[in-house]
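Under our numbering, the first residue of the sequence shown is numbered 273, with each subsequent residue one higher.
Using N, Cα and C, we set each Cβ at its ideal position, and we do this for glycine too.
Since the structure is predicted, the reported quantities are computational estimates derived from the model, not experimental observations.
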Amino acid sequence: MSDVKTYPVKTEFQSQALIDNKTYQTMYQASIDNPEQFWAEQAEKLIHWDQKWQSVMDVDYREAKISWFNGAKLNVCYNCVDRHLENNADKTAIIWEGDDPEISESITYRELHEKVCRFANLLKARGVKKGDRVCIYMPMIPEVGYAMLACARIGAVHSVVFGGFSPESLKSRILDSDCKVVITADEGLRGGKKVPLKDNTDTALKHCPDVHTVIVVKYTHAKINWTPERDVDYQQQAATLSSECPVEIMDAEDPLFILYTSGSTGKPKGVLHTCGGYILYAAITHKYVFDHHDNDVYWCTADAGWITGHSYIFYGPLANGATTLVFEGVPTYPDAGRFWQVIDKHKVNTFYTAPTAIRALMGQGEQFVKQASRSSLRLLGTVGEPINPEAWEWYYHTVGDERCPIVDTWWQTETGGILLTPLPGATDLKPGSATRPFFGIKPALMDADGNELEGEASGALVMSQSWPGQMRTVYGDHQRFIDTYFSQYKGYYFSGDGARRDADGYYWITGRMDDVLNVSGHRLGTAEIESALVLHEDVAEAAVVGYPHDIKGQGVYAYVTLMSGQSPSDELKQTLTKLVSQEIGAIAKPDVIQWAPGLPKTRSGKIMRRILRKIASNELDNLGDTSTLADPSVVDDLIENRANR
Ligand code: 6R9
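Now the structure itself:
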């Protein structure tokens, strides 16, 4: 490992930082030796509780029973909004930067309180009560945050669906969690293009008879269809309602939200997070990982439809009373300098984005970066997928001018918040490594036989100790929760990722060990894409794998076998691509479709994806054992006609 570059913590940064290495070591040790005491202390410091807990943690990984702060009561919205009013009512809570670079807005904590209360009263007026599920399908405008917080205020459980998902995906998520109310907008904007959110909602709702209310935020004022008994004009109605709304006092273990994410099999699962543990974990990680200072302007470029948007645009920063920037646009509109212009415009100090965006912008050359001063920047972060050292170096030298540490944060929808990460004032950096565990996190690496590996090693990344932000169940299917995360390694939470630990105890994520793809930081199940492809009547069978892609990290490679008598054509390829887009969303479109007269299968009929992955990646010298194939000759055809060479 001696050839790996290390970037020691800079003294200038450390002198201003909340935590140095010695403090990290002491706090980390305390969090592992005595987690109950550690988390009780942090919970007292960071969160307002209406009633204290009887026990800090009750966890049994063998049964997948996880609860934190049993008996405690709180309201998450109160923690994110109301409690800042006494001293910080006029502080900016949200800076909104529109898709159009001419449009931005500042919302103070006082204004946020008013907006959220009105929204909450509107939900109540439509009959929404504690425990009801509410679907949010919105563009990146401040109202998406108001809607989430309004749900939290009255104890409703939100399920945010990414605005880029298709009506079909929206429908299945609404049905799975039995949402009776949907919050949407007439249209969204992304890179100058319009996204027909209300139209998509109308289409989805044709198959959702139980939805009685659609709250519509009029944003672009496009012409939309209106169903009078169902559709509600947000601006019109909210204005008539009170700007005060009492908070619902919740149990720590009451659900806060459901967020769907892809797994290796079946349809996406509803990851359920609860109030107390989640908000504590979002707050503490935001505070220490981003070294939060009171006057910081903090910007996370994620979408509210992903967990990163939940924890690090809204809940974590707002719980800490921060100023958080909400961005509607894309990195390359109007040009590839947008991020850096926005940083200068709003004097952003902390900037958190995805490796795929960094790689895309790196390809545009550094003139776009250099046109902006970026002098406000103090700290950079990445999330969503492994960052290749080349992109890391560019981010560090070109964007951060060698002044800003980079926090490479590894975590998942399931984990609620960041688990592996540098702390910027404490951890020496190695490009490409998510470095070390956060407080209370006890990672381990397992071999194929389920033994814990010691020292330098590679294996399956698991956690042997719970943390407050951990998901509690798969909505409506606890057995799936047990099977997916707790059955492979008894007594551990299995992340689905592989990792290597180096001699310094640093972790290097090697990627998913299951059939989950990571395309531009978005999680996609191969099974979902395959199901979409086989909907076409000419398709007999499909197998989808990932392959290395310069910008996206992974691309989608689909092998398609047609029904006998059907002939391949470019037109059919286009139809199939469109079908995937309709069924799931544009992010799932195959980059490559290869016609496969047959797929490599074992004699028991299992598709050998290992071989398909190698062919897609053009790694032919190491195909492994093909002797167990029912018909080894199909491999020759696939190699012959492969798209990547
Ligand atoms: C937060 C988020 C989770 C999967 C995860 C892993 C990959 C996320 C990473 C990373 C390497 C990082 N991942 N962060 N891999 N380094 N810093 O992305 O959640 O959408 O659920 O994806 O993303 O494979 O298992 P989610």
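beta-carbon T580 near the ligand 6R9 non-hydrogen atom, thresh 7 Å
For the purposes of this step, residue 580 is identified with residue 308 of the sequence shown, where counting begins at 1. Yes, the Cβ of T580 comes within 7 Å of a heavy atom of the ligand 6R9.
Backbone secondary structure at F623 - three-state DSSP
The residue given as residue 623 occupies position 351 in the sequence shown. F623 falls in the strand class under three-state DSSP.
Are the beta-carbon atoms belonging to C423 and V429 less than 8 Å from one another?
Along the sequence shown, one-based indexing puts residue 423 at 151. Along the sequence shown, one-based indexing puts residue 429 at 157. Yes. Within cutoff.
Is L804 helix, strand or coil by DSSP?
Mapped onto the sequence shown, residue 804 falls at position 532. The residue you asked about is not Leu; residue 804 is Ala in the sequence shown. A804 falls in the helix class under three-state DSSP.
Could you tell me the distance, in whole angstroms, from the CA atom of L442 to the CA atom of A476?
Position 170 of the sequence shown, counted from the first residue, corresponds to residue 442. Position 204 of the sequence shown, counted from the first residue, corresponds to residue 476. Computed Cα separation, rounded: 6 Å.
Would P414 and V467 qualify as a contact pair, given that the criterion is a beta-carbon distance under 8 Å?
Residue 414 sits at position 142 when you count from the first residue of the sequence shown. Residue 467 sits at position 195 when you count from the first residue of the sequence shown. Taking 8 Å as the Cβ cut-off, P414 and V467 do not qualify as a contacting pair.
What does the alpha-carbon distance come out to for the pair F766 and Q760?
By one-based count along the sequence shown, residue 766 stands at place 494. By one-based count along the sequence shown, residue 760 stands at place 488. Q760 has its alpha-carbon roughly 7 Å from the corresponding atom of F766.
Considering only C-alpha positions, which residue in the set V788, V734, I911 and M880 is nearest to G535?
Translated into the one-based positions of the sequence shown, residue 535 becomes position 263. When each option's Cα is compared against that of G535, the closest is V788.
Which runs of the beta strand (DSSP E) fall wholly inside the segment 411-456 and span at least 3 residues, in chain order?
The DSSP assignment places 429-432 as complete runs of the beta strand (DSSP E) inside the segment 411-456, in order along the chain (cut-off: 3 residues).
Environment of Q826 [buried if 16+ CB atoms lie within 10 Å]:
Within the sequence shown, residue 826 is the residue found at index 554, counting from 1. Answer is buried; the Cβ neighbour count reaches 16.
CB-CB length for R708 against Y778, believed under 8 Å:
For the purposes of this step, residue 708 is taken as the residue at position 436 of the sequence shown. For the purposes of this step, residue 778 is taken as the residue at position 506 of the sequence shown. Their Cβ separation, rounded to whole angstroms, is 6 Å, which keeps R708 and Y778 in contact under 8 Å.
C-alpha gap between M273 and D774, whole angstroms:
Numbered from its first residue, the sequence shown carries residue 273 at position 1. Numbered from its first residue, the sequence shown carries residue 774 at position 502. Because M273 carries a pLDDT of 46, less than 50, the predicted location of this residue cannot be relied on, and the following value inherits that uncertainty. Rounded to whole angstroms, the gap between the alpha carbons of M273 and D774 is 7 Å.
Let me know the beta strand (DSSP E) ranges lying completely inside the segment 751-777, each 3 residues or longer, listed in chain order.
Counting whole runs of 3 or more residues, the segment 751-777 contains the beta strand (DSSP E) stretches 765-773.
Should D404 be counted as a contact of the ligand 6R9 given a C-beta to heavy atom distance under 7 Å?
The count along the sequence shown starts at 1 and reaches residue 404 at position 132. The ligand 6R9 never approaches D404 closely enough for any of its heavy atoms to be under 7 Å from the residue's Cβ.
Between the C-alpha atoms of L357 and E520, what's the straight-line distance to the nearest angstrom?
Start at 1 with the first residue of the sequence shown, and residue 357 comes out as number 85. Start at 1 with the first residue of the sequence shown, and residue 520 comes out as number 248. For L357 and E520, the distance between alpha carbons rounds to 18 Å.
Return the chain-ordered list of same chain residues with a C-beta closer than 8 Å to the C-beta of Y218, the five sequence neighbours on each side being excluded.
With the chain running from 273 to 917 in the structure shown, residue 218 is simply not present.
Given 7 Å as the limit, tell me if P715 has its C-beta closer than that to any heavy atom belonging to the ligand 6R9.
As a working note, residue 715 is residue 443 in the sequence shown. No.
Opposite W321 in the DSSP bridges: which residues?
Residue numbering aside, residue 321 sits at position 49 when the sequence shown is read from its first letter. BP columns for W321 are empty, so no partner.
Residues near T687 in its chain [Cβ-Cβ closer than 7 Å; skip 5 each side]
Here residue 687 corresponds to residue number 415 of the sequence shown, with the count starting at 1. In chain order, G741 and Q742 place their CB closer than 7 Å to the CB of T687, counting only its own chain and leaving out the 5 sequence neighbours on each side.
Under 8 Å, do Y819 and P862 count as touching if we go by C-beta distance?
Counting from 1 along the sequence shown, the entry for residue 819 is found at position 547. Counting from 1 along the sequence shown, the entry for residue 862 is found at position 590. If you check the CB distance, Y819 and P862 do not come in under 8 Å.
Residue environment, M718, which counts as buried when at least 16 other CB atoms sit within 10 Å
Along the sequence shown, one-based indexing puts residue 718 at 446. Burial is judged here by how many other beta carbons sit within 10 angstroms of a residue's own beta carbon; M718 has at least 16 and is buried.
In the DSSP assignment, find the unbroken beta strand (DSSP E) run with H565 in it and report its ends.
Numbered from 1 along the sequence shown, position 293 holds the residue referred to as residue 565. Unbroken run through H565: none, as it is neither H nor E.
Selected residue, minimal CA-CA separation from D721, among W739, K762, I713 and F711
Along the sequence shown, one-based indexing puts residue 721 at 449. Distances from the CA of D721 to each of W739, K762, I713 and F711 were compared; the closest alpha carbon is that of K762.
Beta carbon of A312, beta carbon of V331: below 8 Å?
The sequence position of residue 312 within the sequence shown is 40, counting from 1. The sequence position of residue 331 within the sequence shown is 59, counting from 1. Remark: C-beta atoms of A312 and V331 do not approach each other more closely than 8 Å.
When Y587, V906, R445 and V569 are compared against F623, the one with the closest alpha-carbon:
Position 351 of the sequence shown holds residue 623. The residue with the shortest Cα to Cα distance from F623 is V569.
T681, buried or exposed, once every other Cβ within 10 Å from all chains shown has been counted against 16
Position 409 of the sequence shown, counted from the start, is the residue given in the question as residue 681. Burial call: buried.
The alpha helix (DSSP H) that contains L910, what's its start and end?
Your numbering for residue 910 matches position 638 in the sequence shown. That run of the alpha helix (DSSP H) goes S905 to E912.
Kindly examine the ligand 6R9 and report whether one of its heavy atoms sits closer than 7 Å to the Cβ of Q684.
Within the sequence shown, the letter at position 412 stands for residue 684. Because some heavy atom of the ligand 6R9 lies under 7 Å away, the Cβ of Q684 counts as near it: yes.
Distance check for N790 and L892, CA to CA, integer angstroms please.
If you number the sequence shown from 1, residue 892 lands on position 620. If you number the sequence shown from 1, residue 790 lands on position 518. Going by the C-alpha atoms only, they are around 23 Å apart.
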